[in-house]
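Enquirer:
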Amino acid sequence: MGRRCNAVEQRLLCALRRVADPATRDDAVALLGGLGLDADGIGAFTTLVPLLRTGHAPIELLQPGSPFIGATELDLLACVRRLSQWRHPRPRAHHDGDATVALRDQLAQCAQAARQADLGLRLTTLSPVGLRLLDPAAWVRG
Numbered sequence: 002m003g004r005r006c007n008a009v010e011q012r013l014l015c016a017l018r019r020v021a022d023p024a025t026r027d028d029a030v031a032l033l034g035g036l037g038l039d040a041d042g043i044g045a046f047t048t049l050v051p052l053l054r055t056g057h058a059p060i061e062l063l064q065p066g067s068p069f070i071g072a073t074e075l076d077l078l079a080c081v082r083r084l085s086q087w088r089h090p091r092p093r094a095h096h097d098g099d100a101t102v103a104l105r106d107q108l109a110q111c112a113q114a115a116r117q118a119d120l121g122l123r124l125t126t127l128s129p130v131g132l133r134l135l136d137p138a139a140w141v142r143g
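Each residue of the sequence shown is one higher than the last, beginning at 2 in the numbering used here.
1. Hey, Leu75 and Arg5 are a contact pair by Cβ (cut 8 Å); roughly how many whole angstroms apart?
2. For Ser85, count the other beta carbons within 10 Å of its own beta carbon; 16 or more makes it buried, fewer makes it exposed. Which is it?
3. Enumerated in chain order, which unbroken segments of the beta strand (DSSP E) with a length of 3 residues or greater are wholly contained in the stretch 29–116?
4. Thinking C-alpha only, which one of Pro137, Gln113 and Arg105 is nearest Arg88?
5. So, are the CB atoms of Cys80 and Gly121 less than 8 Å apart?
6. Could you give the DSSP three-state label for Arg123: helix, strand or coil?
7. By alpha-carbon positions, which one of Arg83, Ala72, Arg12 and Thr47 ends up nearest to Pro137?
8. Counting Cβ pairs closer than 8 Å, one from the stretch 30–41 and one from the stretch 101–108, do we hit at least three?
9. CB Pro51 to CB Arg18, shorter than 8 Å?
10. Do you know offhand how far Arg12's Cα is from Ile43's?
11. May I ask you to list the residues that DSSP assigns as paired with Val141?
12. Using CA coordinates, which residue listed in Thr125, Ala16 and Ala8 is at the minimum distance from Ala72?
Structure, rendered in structure tokens:
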């Protein structure tokens, strides 16, 4: 995982992978807090996880403890980074359906949290899955 991600990105993915399992959720919250995220930021990322498999651009998180990183996990990090560089990203309502709008809205909240915590995400390359999530027609850059 280290060659593709910096240390912050590795810890963020580790936390996100643990969010869905009730047995490791407290560890995930502690990891997110350790990255400098406040309560709203932690909430944004923990709310994101169940939405990742919805919509037209599914993102699959690997199992906790996996030494590998999935291509769609890289997309997730790159999307959050790119959105964090926009001033006030908002998904256009009814662009691709409610599930995708909800996913994009949550990504925007995560991006805001990442910007406020100055996470230092660096990944920028996107696969077609990530490019669909950041489709300019689906966003208002206010």
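For every residue, glycine included, the Cβ atom is placed at its ideal position computed from N, Cα and C.
Keep in mind it's a predicted model, so treat the numbers as computed, not measured.
Expert: In brief:
1. Along the sequence shown, read from residue 1 onward, the residue named residue 75 stands at position 74. Along the sequence shown, read from residue 1 onward, the residue named residue 5 stands at position 4. About 6 Å; that satisfies the 8 Å criterion.
2. Looking up residue 85 in the sequence shown gives position 84. Result: buried.
3. Taken in chain order, the complete beta strand (DSSP E) segments of 3 residues or longer contained in the stretch 29–116 are 90–92.
4. Translated into the one-based positions of the sequence shown, residue 88 becomes position 87. Nearest of Pro137, Gln113 and Arg105 to Arg88, Cα basis: Gln113.
5. Mapped onto the sequence shown, residue 80 falls at position 79. Mapped onto the sequence shown, residue 121 falls at position 120. Contact flag unset, no.
6. Residue mapping note: residue 123 aligns to position 122 of the sequence shown, counting from 1. Arg123: coil per DSSP, three-state reduction.
7. Reading the sequence shown from its first residue, position 136 is the one you call residue 137. Ranking Arg83, Ala72, Arg12 and Thr47 by Cα distance to Pro137 puts Arg83 first.
8. no
9. Numbered from its first residue, the sequence shown carries residue 51 at position 50. Numbered from its first residue, the sequence shown carries residue 18 at position 17. For Pro51 and Arg18, no; Cβs fall outside 8 Å.
10. Position 11 of the sequence shown, counted from the start, is the residue given in the question as residue 12. Position 42 of the sequence shown, counted from the start, is the residue given in the question as residue 43. So the two alpha carbons sit approximately 13 Å from each other.
11. As a position in the sequence shown, residue 141 is number 140, starting the count at 1. In DSSP, Val141 forms a bridge with Arg91.
12. Taking the sequence shown and counting its residues from 1, one reaches residue 72 at position 71. When only C-alpha atoms are compared, the closest one is Thr125.
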